[in-house]
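Here our numbering is used: the first residue of the sequence shown is 18, the next is one more, and so on.
Every residue gets a Cβ at the ideal spot worked out from N, C-alpha and C, and that includes glycine.
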Amino acid sequence: MDKLGIVISEKNGMAKIAVNRTSGCGGGCKTCGGCDTPVMVVYLPNDVNAKPGDTVELSANNSRVVKFTIVLYLVPLIMFVLSLGISYSFYRNAGIAKYELYSFITGIFGFLLSLLVLKLIDKKVGNQDSHMMKVNRIVNRLS
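If you want it as structure tokens, here you go:
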């Protein structure tokens, strides 16, 4: 997956690059005007000696992107289902009234807990963009 980005700054061999995210509809926002896609900032090794203002081509490691996407979507779903199933059995066997409602609420807490864990992991691993992306070349050098 190749993207274009603009170098914001360069320091100690690392480039701070602004990359426009592609919207869910494929990025044709000028025709539909329905969404506002945010800018993502990544820090990557500046192997091509890009300067601030340069447009650079980035490539992503597709297999790692797919793995992270699977983890991002499956972990909360699995935690919800596990929390729901285990608590349903526990509350029902304990003779608690409204055990279905309580197990659903417990499932929601399991889901939210998994989001919190993913957020903590993201803070630890998220700054390691160099494992996911790299700068291929300078497309347009700002003189």
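Review point. How far does the beta strand (DSSP E) with R154 in it reach, from first residue to last?
Key: In this chain, the beta strand (DSSP E) harbouring R154 covers M150 to N157.
Check your understanding: In three-state DSSP terms, what is K28?
Key -> When DSSP states are grouped into helix, strand and coil, K28 belongs to the strand group.
**Study point:** 3-residue-minimum beta strand (DSSP E) runs that sit fully inside the segment 72-120, ordered along the chain
**Key:** Within the segment 72-120, the complete beta strand (DSSP E) runs of at least 3 residues are 72-77.
**Study point:** Separation of D71 from L159, as counted between CA atoms
**Key:** Cα-Cα distance, rounded: 5 Å.
Practice item. Measure the alpha-carbon distance for M149 versus P93 and round it to whole angstroms. Key: In a straight line, the C-alpha of M149 is about 22 Å away from that of P93.
**Study point:** Cut-off 8 Å between Cβ atoms - residues of its own chain near V65, not counting five sequence neighbours on either side
**Key:** When the five nearest sequence neighbours on each side are left out, the beta carbons in the same chain lying within less than 8 Å of the beta carbon of V65 are those of V73, V152, N153, R154 and I155, in order along the chain.
Point to revise | Cutoff 8 Å; reference P2; Cβ partners in own chain excluding five residues on either side | key: Shown here, the chain extends from 18 to 160; a query on residue 2 therefore has no answer.
**Study point:** Beta-carbon contacts of Y116 that lie in its chain and below 7 Å, excluding the five residues immediately before and after
**Key:** Excluding residues within five positions, the ones whose Cβ falls inside 7 Å are Y105, Y108 and R109.
Exercise for review: Report the rounded CA-to-CA distance for D139 versus L133, giving the unit in angstroms.
Suggested key: The straight-line gap from Cα to Cα measures roughly 10 Å.
**Study point:** Separation of A67 from V88, as counted between CA atoms
**Key:** So the two alpha carbons sit approximately 33 Å from each other.
Review point. What is the residue span of the beta strand (DSSP E) that V59 lies within?
Key: V56 to P62 is the extent of the beta strand (DSSP E) around V59.
**Study point:** Option in D19, V98 and A114 with minimal Cα separation from G127
**Key:** Taking the Cα of G127 as reference, the smallest distance to any Cα among D19, V98 and A114 is reached at V98.
Review point. If you check the beta carbons only, do M57 and R38 fall under 7 Å apart?
Key: Result yes, Cβ atoms of M57 and R38 sit closer than 7 Å.
Check your understanding: If we ignore side chains and look at the alpha-carbon of each, how far apart do I103 and P69 end up?
Key -> Rounded to whole angstroms, I103 to P69 spans 54 Å at the Cα level.
Check your understanding: K20: which of N79, E27, S120 and S131 sits nearest, CA to CA?
Key -> When only C-alpha atoms are compared, the closest one is N79.
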